[in-house]
Amino acid sequence: MLARGDDYFYFWGGEAADWLDRTVRVPTLHSLTLDQWVQEFETLREQNRKLMESNCDATRGKSIAGCLGGRLLNAPASPS
Numbered sequence: 062m063l064a065r066g067d068d069y070f071y072f073w074g075g076e077a078a079d080w081l082d083r084t085v086r087v088p089t090l091h092s093l094t095l096d097q098w099v100q101e102f103e104t105l106r107e108q109n110r111k112l113m114e115s116n117c118d119a120t121r122g123k124s125i126a127g128c129l130g131g132r133l134l135n136a137p138a139s140p141s
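Note that this note's numbering has the sequence shown beginning at 62, numbered continuously upward.
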């Protein structure tokens, strides 16, 4: 789902609920086509997967909590 902020939108709920970065800086919903929104979602998914992996690598041996989110982001995407 998309929610609106001031001059940005953000994905929330579902897979995006645990993401560290989920914002797309555009003034209106119609600033992007549907295909562009899907691409933004996929790009943010990949960026967040990498962020969580690097967090997991940095905390390895220190805290299991740092690695748990990465498992969620590595799960296969649910079909839309």
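Even glycine gets a Cβ: it sits at the ideal position worked out from N, Cα and C.
Anticipated Cβ contact below 8 Å, residue i with residue j, distance rounded
i	j	result
N109	W73	Contact doesn't hold; Cβ gap of about 13 Å is too wide.
A78	Y71	Contact doesn't hold; Cβ gap of about 11 Å is too wide.
For residue j and residue i, the rounded distance between their alpha carbons
i	j	result
R83	M62	11 Å
E101	L95	10 Å
R106	D67	22 Å
E103	E76	11 Å
Beta-carbon proximity list for residue i, same chain, < 8 Å, skipping 5 on both sides
i	result
L93	V85, V87 and E101
N90	Per the sequence presented here, residue 90 reads as Leu, with Asn not at that position. Around L90: L63, R65 and F70.
S141	Low per-residue confidence applies at S141: pLDDT is 43, beneath 50, and the placement is therefore not dependable, though the value from the model is reported in the following sentence. Once the five neighbours on either side are set aside, S141 has no close Cβ partner at all.
Sequence-distant residues of its chain with Cβ nearer than 6 Å to residue i (five each side left out)
i	result
L112	L81
V99	none
Q97	none
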